[in-house]
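When the letters of the sequence shown are read in order and numbered with the working numbering, they come out as residues -8 to 146.
Notes follow the structure.
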Amino acid sequence: MEKYVKIATPEDAHRLAPKVRKADIDEIKASNNITPLRGLLYPFTKLRHKTFSIIGTKEEGVIGMFGVVPCETKDFGIAWLLSSEELINHTLQFLRECPKWVEEMGQDYKYLYNYIDERNIVALKWLEFLKFKHIETLPYGYEKRKFKLMLKEIK
-8 MEKYVKIATP
2 EDAHRLAPKV
12 RKADIDEIKA
22 SNNITPLRGL
32 LYPFTKLRHK
42 TFSIIGTKEE
52 GVIGMFGVVP
62 CETKDFGIAW
72 LLSSEELINH
82 TLQFLRECPK
92 WVEEMGQDYK
102 YLYNYIDERN
112 IVALKWLEFL
122 KFKHIETLPY
132 GYEKRKFKLM
142 LKEIK
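In structure tokens, the structure reads:
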């Protein structure tokens, strides 16, 4: 079977990490000063995380991972996505299926959010497509670069 979403495993993180998009690498370095592998493995350290892998063609393998982790503030979940450039090859299918996965990620929360590096245009456009709202722009994270707080109320 090719091109599908599945429950992620740490092994998927090891497969995706070497090919994460440069914009995603720059963002996680700026926010938390961590490697793609550490960022991809982080959700597995949290109770109640929901983490999924996007599988491309047989040759591509794991082309993205996404999910939600709880935060300290009740009713809020931190939504995230890291991907390879290969995800672009599947844009139409990805965008068609995203609303279903956002609904799945939001089941335990009233709000989903994340801080996105303003340089990561693809990620910002994806969140806007999913009806996340830009709340504010502020210096954020390890490098204190400008990040946009993106928030979606789950109905």
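No residue lacks a Cβ here, since even glycine has one placed at the ideal position from N, Cα and C.
If you draw a 10 Å sphere on the C-beta of residue 143, you find 16 or more other C-beta atoms in it, and that means buried. Under the 8 Å Cβ criterion, the segment 44 to 56 does not count as touching the segment 108 to 118, having fewer than three qualifying pairs. About 6 Å separates the beta carbon of residue 31 from that of residue 56, a gap short enough to meet the 8 Å contact definition. For residue 13, the enclosing alpha helix (DSSP H) starts and ends at 13 to 23. Here the segment 63 to 70 makes no contact with the segment 4 to 22; the two share fewer than three CB pairs at distances below 8 Å. Buried is the label assigned to residue 43, since at least 16 other Cβ atoms lie within 10 Å of its Cβ.
Here residue 130 is exposed. Its C-beta has fewer than 16 other C-beta atoms within 10 Å.
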